[in-house]
Each structure stands twice: as C-alpha cells, then as structure tokens.
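Comments concern the structure below.
2 protein chains.
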Amino acid sequence: MPYSKKVDFILRKLSAKPGDRIRVRKNGVVYEGFLLPREDVDFGDSDCILLKLDNGYNVGIKYSENVVVEKLEGSVELGVFKPLPTKIPPSELPSITLLSAGGTITSRIDYYTGAVAMLFSPEEVLGVVPELNEIVRIRNAERVFNLSSEDMTYREWIKLAEKTYNALSEGDSGVIIMHGTDTMHYTSAALSFMVQNPPGPVVLVGSQRSSDRGSRDSDMNLICASHLIAKSRLREVGICMHGEMGDTYCLFIRGVKARKMHTSRRDAFRPINDLPLCKIWPDGKIVYTSQYVPNKSGEMCFYPYFEPKVALLKTYPGSPPSVLNHLVDRGYRGIVLEGTGLGHIPTSTLRKEDSWLPAVERAIEEDVIIAITSQCIYGSTNPYVYRNARLMLAAGAVYVGDMTSETCYVKLGWLLGHIDNSEEVKRLLQTNLLGEISNRIRPDTYLL
Amino acid sequence: MPYSKKVDFILRKLSAKPGDRIRVRKNGVVYEGFLLPREDVDFGDSDCILLKLDNGYNVGIKYSENVVVEKLEGSVELGVFKPLPTKIPPSELPSITLLSAGGTITSRIDYYTGAVAMLFSPEEVLGVVPELNEIVRIRNAERVFNLSSEDMTYREWIKLAEKTYNALSEGDSGVIIMHGTDTMHYTSAALSFMVQNPPGPVVLVGSQRSSDRGSRDSDMNLICASHLIAKSRLREVGICMHGEMGDTYCLFIRGVKARKMHTSRRDAFRPINDLPLCKIWPDGKIVYTSQYVPNKSGEMCFYPYFEPKVALLKTYPGSPPSVLNHLVDRGYRGIVLEGTGLGHIPTSTLRKEDSWLPAVERAIEEDVIIAITSQCIYGSTNPYVYRNARLMLAAGAVYVGDMTSETCYVKLGWLLGHIDNSEEVKRLLQTNLLGEISNRIRPDTYLL
Numbered sequence: 167m168p169y170s171k172k173v174d175f176i177l178r179k180l181s182a183k184p185g186d187r188i189r190v191r192k193n194g195v196v197y198e199g200f201l202l203p204r205e206d207v208d209f210g211d212s213d214c215i216l217l218k219l220d221n222g223y224n225v226g227i228k229y230s231e232n233v234v235v236e237k238l239e240g241s242v243e244l245g246v247f248k249p250l251p252t253k254i255p256p257s258e259l260p261s262i263t264l265l266s267a268g269g270t271i272t273s274r275i276d277y278y279t280g281a282v283a284m285l286f287s288p289e290e291v292l293g294v295v296p297e298l299n300e301i302v303r304i305r306n307a308e309r310v311f312n313l314s315s316e317d318m319t320y321r322e323w324i325k326l327a328e329k330t331y332n333a334l335s336e337g338d339s340g341v342i343i344m345h346g347t348d349t350m351h352y353t354s355a356a357l358s359f360m361v362q363n364p365p366g367p368v369v370l371v372g373s374q375r376s377s378d379r380g381s382r383d384s385d386m387n388l389i390c391a392s393h394l395i396a397k398s399r400l401r402e403v404g405i406c407m408h409g410e411m412g413d414t415y416c417l418f419i420r421g422v423k424a425r426k427m428h429t430s431r432r433d434a435f436r437p438i439n440d441l442p443l444c445k446i447w448p449d450g451k452i453v454y455t456s457q458y459v460p461n462k463s464g465e466m467c468f469y470p471y472f473e474p475k476v477a478l479l480k481t482y483p484g485s486p487p488s489v490l491n492h493l494v495d496r497g498y499r500g501i502v503l504e505g506t507g508l509g510h511i512p513t514s515t516l517r518k519e520d521s522w523l524p525a526v527e528r529a530i531e532e533d534v535i536i537a538i539t540s541q542c543i544y545g546s547t548n549p550y551v552y553r554n555a556r557l558m559l560a561a562g563a564v565y566v567g568d569m570t571s572e573t574c575y576v577k578l579g580w581l582l583g584h585i586d587n588s589e590e591v592k593r594l595l596q597t598n599l600l601g602e603i604s605n606r607i608r609p610d611t612y613l614l
Numbered sequence: 167m168p169y170s171k172k173v174d175f176i177l178r179k180l181s182a183k184p185g186d187r188i189r190v191r192k193n194g195v196v197y198e199g200f201l202l203p204r205e206d207v208d209f210g211d212s213d214c215i216l217l218k219l220d221n222g223y224n225v226g227i228k229y230s231e232n233v234v235v236e237k238l239e240g241s242v243e244l245g246v247f248k249p250l251p252t253k254i255p256p257s258e259l260p261s262i263t264l265l266s267a268g269g270t271i272t273s274r275i276d277y278y279t280g281a282v283a284m285l286f287s288p289e290e291v292l293g294v295v296p297e298l299n300e301i302v303r304i305r306n307a308e309r310v311f312n313l314s315s316e317d318m319t320y321r322e323w324i325k326l327a328e329k330t331y332n333a334l335s336e337g338d339s340g341v342i343i344m345h346g347t348d349t350m351h352y353t354s355a356a357l358s359f360m361v362q363n364p365p366g367p368v369v370l371v372g373s374q375r376s377s378d379r380g381s382r383d384s385d386m387n388l389i390c391a392s393h394l395i396a397k398s399r400l401r402e403v404g405i406c407m408h409g410e411m412g413d414t415y416c417l418f419i420r421g422v423k424a425r426k427m428h429t430s431r432r433d434a435f436r437p438i439n440d441l442p443l444c445k446i447w448p449d450g451k452i453v454y455t456s457q458y459v460p461n462k463s464g465e466m467c468f469y470p471y472f473e474p475k476v477a478l479l480k481t482y483p484g485s486p487p488s489v490l491n492h493l494v495d496r497g498y499r500g501i502v503l504e505g506t507g508l509g510h511i512p513t514s515t516l517r518k519e520d521s522w523l524p525a526v527e528r529a530i531e532e533d534v535i536i537a538i539t540s541q542c543i544y545g546s547t548n549p550y551v552y553r554n555a556r557l558m559l560a561a562g563a564v565y566v567g568d569m570t571s572e573t574c575y576v577k578l579g580w581l582l583g584h585i586d587n588s589e590e591v592k593r594l595l596q597t598n599l600l601g602e603i604s605n606r607i608r609p610d611t612y613l614l
C-alpha cells in the first residue's frame, strides 16, 4: 500500500522520492531524515510520512494540515529489506534450538505508530541470515513469546530456562535465544543460575538496530553465536554481541558478568570486572581469554524457581528509607541496596530520619535479607574500610563483593526460590557459584 | 602509645617488627598484611594489631585468646606519615578558599575500630602538601563539616554553595572543596546549578586512599586543583581527580557530567558522554579539550534552593510500581525513574500489576514530575523509538536526553526549589543549562 493520496500529492509537488532528504515540521517539532518508501507495507496509516532519521532510527509523522514538508539537498540509496522465509534444511551440522523472546532483533517498524514493534517470527529472522544454515543445523525454532525486554519478568526467565534445558537434554549442541537488549543481562544471569553446567553454549543474542534496517547488527551476532556453538562447546550461559562499533568481532560475555552500558551503540554489552570469555569473528575464528577455565565437568542441573518478592533499591543523598519499610510491609523477602562507593548506605547520626540503619535493622529482624552492592558499577564492595559499612555489617546486611546489582538481584530471588534457610541464602549469596563474584579483579577490565 | 603488653609479648615472641608480613586468624577470618607500628598513636585500643592489607587498606584486629598470630616471609619498609601543621603564609599568588566537607581526603585510620574515620583539619591536610603554598595563596581554610559523603544531603550542598559563593564574591580566584568521593558527583551537580557562572574554578577534590597512607592520591589531586585555579580561570564547577591509576595527570570533569565509576581505583571519576574539560599535570601543564568553550561571560548567580521531596527509583524486571505510589502518597513532588535501555519502564499489557503506567499516570495527575533516565549510564534516552516509551511520553513523563540519573535527580530538586510552575520545571529539565544534556555525544567518550 503506497502513501495516501494527500501525502502522495505533497511528495509529488516537492518531487521527493524515497531516499531524498526531507524536513517535516509538526507542532513545533522538526524531523529531518531520508524519505522511506511505503510500497511494500500492507498495513498502517498511509497518512504517515516515514523518515529514516540521522540517528539511524525510523519515524512516522502523521500528515495533517499543520504539517510542513520541505525537500532538502541530498539523498541516499536506501537499502532494500527482503525477508526471505526459507525452509530450514536438515544437515549434519551441530544441532541447535533457536528461541525467540522478542526484542529489537525480532522487530521491524510498526507503521501504525512509526515506532518499532515486535513482528518477526524466528523463521523470518533466519531468512535474513541464511549463512546460519552453513554453520549449525537449526533443529527447532520457536517464538516462546514476543516481549519488549523491559516487560520480561521471572516468569519468562523460568520459561526460557525450561525450553533451554529441554533442548539441551534432547541433544542440541547449544541454544541461541533472541532477546531484547534492555534487560538481557538480567535474563542471562537468571539462565546462568537456572541452567547450570549446560553441555554447550547457551547464547543470548540481541540487536541494537531493528532487523529491517541496513545497519542491523543481528546478522553478525547470530553468525558469531552459531560459530560459538559449532566450534567451542563452551559450557557457559552468556551474551554474544558486538565487541566494537563496526562489524569486526563479537564478545561472548559471561551471563552473570554482563551489563548493557550504552543505550544505543552496537557494542553496548560489556563484561564488568571481567574479561569476555572469548572473542568471535564472523569467519569463525575464536580467541579465548586467559580468564576462561575450560573443561568444566559435571551434569547439567536445572533449578527453575524464583521468589518474586525481591527488590532492588538505589541509595543516594536524601534517599528515603521509608521505601525499604514499604517493601518489608508488603512481605518482601530479599532486598538489594545499591549503595555508593564501597557499598555505603546513608547512616547519618546528624539527622536520624535520614539514616537507613533503623529500616535495615528492622528488615533483618523480620528475616528479610539485605544485600549491598555498589552503584559505581566497577570494582568491589568492601565493608571493612569505613565505619558506615561496618554498621550495616553489624546489623546483618550481606556484602557481595564485586557482583553487579543486577546479578545480585537475580541471584537473591533465585536463592530464595530454592532455599528456606536465611543463613544458607546469605552464605550462598556471598559465595562465588558461577563466576559472579571475582576473586581478584584484573586492572585491564575497568571500562573495557 | 605502643602496643599493649600482651600484644607486645606476642610480637616479640615472633620477633615481628613493623613492616613484617603477619597473618592473624580470628573467628575464622584470616588477615594477612604488613604490621603497622603504634608508636605515634595517642589514642585507641592498644590491644588492636594494626595491619596494612594487600589491598592497601589498614585494619585493626583486637587481640584476644582466640586470635592466632603468625609471622610470614617478607617485609616492607613502611612509609612514615608526618602531619606537619604549618602556618599558612601570605603571598602574592592567586587567593583561594579551601573548604573541607569531610571524606577520605581528610581522614586517617581510626585506631579504635581499625576503620577509616574523619580526623584531619584542613590545615593538617595542607601540612602534608606544602607545595600548594607555592601555587596559590590559601586565604581561608575552613572545615565546614566532617561527613562521610554518603551522609551528605541537600542541606550540606546549600551550605557549601553558600560558602563557595561568598568566597568568590570576596575575590578569591577559585575554591577547592575537599569532599568524600562516594557522592561527590551529586554534590558537584548541586554546586553547578547553585553557583552559576563562577568567576573562577570551583574544584571538588577527594581521595581514594586516606591521607595517612603512602599511596594517598590527595596530594596530586590538590596540586592539580591549585594549578587549575592559578592558571586556567575556567568558570566551571567540576571534579579534579586522577586520570589514570598512576600519578600521571588529573582530569577536570564538568560537575554535571561526572560519575564515580569504580569503588576503589584512583581514576574512579570519569566524564559520562563527555570529554574532561582539561587534563592537568602536577607540574602545572594544562591541556584543554576541544569540547571546552572558554570565555564564558555573565555575572555569577546564586540559586541556593532545593526541594527535598524528590526521589530516584531504578526500574528492572519485576520492579514494583507500588514504590512510586508510596512516594506520591508521601507528598513527593518529583521522581526520576532510571529506566532500561533508551529509557524504558515496564508497561506490560500481559500482567497489569507489573505495569508502571497506572502509577506514572496517577503521579502526573497529582502534579508530580516524572523524569526518565537510563541505567545504561552511557548514551542517551530516546522516547521515539519504542511503543513503551511513547506510552510514558503520552502520560506526561519527561525524557532528559543523556543526562545522568544522578544529575537529573539533583537538577529536579533544584528546579522544584526555585520554580512553582510544573510546566516550566519540565521545560527546563529537558533544556541544557550547563552542559548537563549533550547536543551530540562523541563516540570517543564511551567508557573513557
């Protein structure tokens, strides 16, 4: 369906073709970008003028009388997006299961709103990356659900863990999970704890650009993830995303040590206080880091429970301790406090109402587990340096070394889902189970 | 006062001298480090064995019968700390005021607890860095208060702003503020908004190692801050801390763009989405970056108000929207939501109880300002890409570009302290006033 008659009329009057640079003014907002065609679009509002903005995103601006359209100097050749749903061929290659949770990697523009929405099936994504079929055999491709990653919850983590465990139990060499990037590091931590000792790689893959865009990063991420499964057989859950801005190589980052560190760059995912497990080039080359310990032994284990009454609170100057009381009142069983510096929480003796100490003491009295992390992101908490943290420690709060706040939140809910004894939960929370707590932090991992 | 008789007896039995490597076991905890002397210490518990741990921190372990002490191989020569309180000499150098807010830079070990406590006066700190007197004339040195930075609140920000404004009004070329590092970037943002267009640099300086330690970083930070005031006359509020792990140079980071990114490294403070304003070498060399716009004009302005009913909440998978309702119930007037990715907040339509949308809508109905930032740290929010953020935008939430969550929290409280009209607060929150919102983010500022 092409543009509507009135939009078509305006565009013709300006002799504006797809690819031409256009400026649209509406309600005081100015949009500048290259005109996108509507020819292949069967749905949506044909009154919306579609532009590819300079930041790479696409936008749809509904035309009305108060909209001013101008043609500017310059044009680009627009990449043509052709989804090619292919039949998945059988082969002798290592078999994998491809799960789709939603997210940008499975999305294209929603022409109704001009925003990006989740529309692709796994087969359609595969159609765009036929190379995958030369690296692995996709035994099974399944859209488990179709969620923006900010809407994921522990229920989805459990579902994905279950599907992952089943696929590996059925003999797959690895599992690729297509997932939104926003909370991918929370999911990777959850899967790490829920599916331990997987026989092969469990690889979360996302995309910072939607799959109908020429600048999409999903292809290389999927290709590198497939090489990883076909060649490495690493027994790890992790995230495989771009290592640099360009299409050079991917990082495979331990699921419990990853963090999304940029809102939009392709190399947004970085290991925290850790090296990546390996680097993978799209031609199949893999370079392992010295920190990776191969030859893991042990059976795969499945621990799929999660206590949803856990929370994460950031503390800061003026942060109200009443929020902690509110959560305890509502029956929360574990709360991560993201402190400042080495893990400090306001304990002012100047003004008692500013101190978190009474609320922390009360929570612990009621058998709520209080874990303390640092909002610095890098480095480790240490309760032995300043009086402040010693007070928290004395109250019974648990310091968790260099574990990220996100991983700590997930680990706490996971532990409480499996273990009733609080002392045991506290002990395990401080114990390194899967690499989530570093014994020593290499200086070259800072801002890596 | 030396060690107590019983500790002295144990140490003699082992022929352990200060500097020798010692292992102490107590209640199942093992401490290993170099023995510190007690000769110069006039207070504290002489039953505490003082060790310098390998991580550089000092610890005091109270001796009792269940403590096992061993002497190990190896020893070091301990640096001797001599505080030299000097009279501050008059000179023709540019005059400054030195304010002390507390923090590690003004601290030494508290021999009572073995932890670090705040003990130094500004004069004592100066005594350790006599070089300052060759760079600037310290017209006035004042301990404004003596707080761990996690206990700072808006009240202290106002006090420091007042002192700073007064010092500059009285003709000082600049102001140095010694401050704990944990929340230094919150304070630097507050001072940036409260004291605008200062005639010279307002420099926050801290230390990641206490000032009685040979590895202290305070000296170089203070020296570089002094050079900055003496030579640059930058009209900016910022943070001057180590640029690298070693004692090479310092960064001067815009107060509204700084963040503590490591719990313990000397180069913990980094500019976010920004270059440092300049680099300063301890010999006085200063290199400005291309992003710094010099020759600011305009009178200094003083805006010292702050609305304390503001809060900052991080959202994540499973984050309870009831916390937002709790704050609105308590009369909060502005709340920053630290979303995921481009600024996404859970709005699940699958399970309504997980969606933050009703709580956000209710807050905005009650004239509470909801601002949205990103927990990615780097990059910018963008509400125009995904449906999720468009829903928040439609509800009336305010997206603040690439402003850090910390600066946004401070700016929101500061705006609400001065302006009653919510629409005007929202408009200014999204407007770049002092460099807190980037027009364009340079790629080379990522993980800088």
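Here the protein sequences line up with chains L and S, keeping their order. Numbering-wise (our numbering), the first sequence opens with residue 167 and increments by one. Numbering-wise (our numbering), the second sequence opens with residue 167 and increments by one. Idealized CB from N, CA, C, for every residue including glycine. As the structure is a prediction and not an experimental result, all values here were calculated from the model.
Would a check of beta-carbon distances place D440(L) closer than 7 Å to chain B? In the structure shown, chain B cannot be found, because the protein chains are L and S.
Residues in the region 411-433 of chain S with C-beta within 9 Å of chain L's C-beta atoms, listed in sequence order? Flagged, chain order: M411, R425, K426, M427, H428, T429, S430, R431 and D433.
Could you check how far apart the C-beta atoms of L508(L) and T547(L) are, in whole angstroms? I think they sit under 8 Å. Taking 8 Å as the upper bound for CB-CB distance, L508(L) and T547(L) are in contact here, some 6 Å apart.
Best match in E465(S), P512(S), R305(S) and D533(S) for proximity to G497(S) [C-alpha to C-alpha]: When C-alpha distances from G497(S) are compared across E465(S), P512(S), R305(S) and D533(S), the shortest belongs to D533(S).
Helix or strand or just coil, what does DSSP make of E300(S)? DSSP places E300(S) in helix when its eight states are reduced to three.
How about the region 425-442 of chain S and the region 512-522 of chain L: do they share at least three Cβ pairs that are nearer than 8 Å? No contact exists between the region 425-442 of chain S and the region 512-522 of chain L.
Just checking I342(L) against the ligand GDP - is the residue's beta carbon closer than 6 Å to any of the ligand's heavy atoms? Because no ligand of any kind appears in the structure shown, any question about the ligand GDP cannot be addressed here.
Between the region 339-356 of chain L and the region 298-314 of chain L, do three or more beta carbon pairs fall short of 8 Å? Segments in contact, yes.
Using a beta-carbon distance cut-off of less than 8 Å, what residues from the region 467-500 of chain L approach chain S? Residues P474, V476, A477, L478, L479, K480, T481, Y482, P483, G484, S485, P486, S488, V489, H492, L493 and R496.
State the DSSP-derived secondary structure class of N332(L), mapped to helix, strand or coil. Judged by DSSP in its simplified three-state form, N332(L) adopts helix.
Closest to L334(L) by CA distance: which of I271(L), A356(L) and P367(L) is it? Out of I271(L), A356(L) and P367(L), P367(L) has the C-alpha closest to the C-alpha of L334(L).
Does the region 600-612 of chain S come within contact of the region 560-569 of chain S, defined as at least 3 CB pairs closer than 8 Å? Contact between the region 600-612 of chain S and the region 560-569 of chain S is present: 3 or more CB-CB pairs across the two stretches fall below 8 Å.
With contact counted as at least three CB pairs below 8 Å, one residue from each stretch, are the region 469-478 of chain S and the region 309-316 of chain L in contact? Put simply, the region 469-478 of chain S does not touch the region 309-316 of chain L. Fewer than three CB pairs are less than 8 Å apart.
By how many angstroms is the C-alpha of R382(S) removed from the C-alpha of V371(S)? Just so you know, the alpha carbons of V371(S) and R382(S) end up roughly 13 Å apart.
I'd like the span of the alpha helix (DSSP H) that includes I530(L), first residue to last. Start and end: L523 to E531.
Taking Cβ positions only, does M344(S) come closer than 7 Å to chain L? Chain L contact via Cβ: absent.
Taking only the alpha-carbon atoms, compute the straight-line gap between L216(L) and V225(L) and give it to the nearest angstrom. CA-CA distance, L216(L) to V225(L), rounds to 6 Å.
Are P483(L) and M318(S) closer than 7 Å when you measure CB to CB? Yes, the Cβ-Cβ distance between P483(L) and M318(S) is below 7 Å.
Which residues of the region 538-566 of chain L have a Cβ closer than 9 Å to any Cβ of chain S? Give them in chain order. Answer in chain order: S540, Q541, C542, I543, Y544, G545, S546, T547, N548, Y550, V551, Y552, R553, N554, A555 and R556.
C-alpha distance - V489(S) paired with H492(L), whole-angstrom precision: Computed Cα separation, rounded: 7 Å.
Comparing C-alpha positions only, which one of I227(S), S540(S) and L479(S) sits nearest to V551(L)? Nearest of I227(S), S540(S) and L479(S) to V551(L), Cα basis: I227(S).
Hey, out of L326(S), F359(S), L357(S) and R399(S), whose CA is closest to G123(S)'s CA? With chain S covering only 167 through 614, there is no way to say anything about residue 123(S).
Please list, in chain order, the chain L residues whose beta carbon lies closer than 8 Å to that of E316(S). Ordered by position in chain L, the residues that pass the 8 Å Cβ test against E316(S) are T481, P483, G505, T506, G507, H510, I511, P512, T513 and N554.
On the DSSP bridge assignment, give the partners of H428(S) in chain order. Looking at the DSSP assignment, H428(S) forms a beta bridge with Y544(L).
Own chain residues within Cβ distance below 6 Å of V246(S), not counting five before or after: Low confidence applies here, because V246(S) scores a pLDDT of 38, under 50, leaving its location unreliable; read the following figure in that light. Within the same chain, and ignoring the five residues on either side of V246(S) in sequence, no residue has its Cβ closer than 6 Å to its Cβ.
For V310(L) and chain S, any beta-carbon pair shorter than 7 Å? For V310(L), the answer is no, since every Cβ of chain S falls outside 7 Å of its Cβ.
Beta bridge counterpart(s) of T506(S) as assigned by DSSP: DSSP output for T506(S) lists H510(S) as bridge partner(s).
What does P437(L) reach in chain S if we use C-beta pairs closer than 8 Å? Result: empty, since nearest Cβ-Cβ is about 12 Å, beyond 8 Å.
Measure the Cβ-Cβ separation of P448(S) and I419(S) and say whether it is below 7 Å. For P448(S) and I419(S), no; Cβs fall outside 7 Å.
Checking contacts by CB at 7 Å: is T319(L) closer than that to chain S? Interface residue, yes.
Using the three-state DSSP reduction, which class does D186(S) fall into: helix, strand or coil? Three-state result, D186(S): strand.
Measure the C-alpha to C-alpha separation of A267(S) and R303(S) and round it to an integer number of angstroms. The straight-line gap separating the alpha-carbon atoms of A267(S) and R303(S) is approximately 20 Å.
So is L613(S) in contact with chain L if we call contact Cβ pairs under 7 Å? Judged by the 7 Å Cβ criterion, L613(S) is in contact with chain L.
Ends of the beta strand (DSSP E) at E239(S)? For E239(S), the enclosing beta strand (DSSP E) stretches over residues V234 to S241.
Identify every residue that forms a DSSP beta bridge with F200(L). F200(L) is bridged by DSSP to R187(L) and K218(L).
Looking at I511(S) and I536(S), is the spacing between their C-beta atoms short of 7 Å? No, the Cβ-Cβ distance between I536(S) and I511(S) is not below 7 Å.
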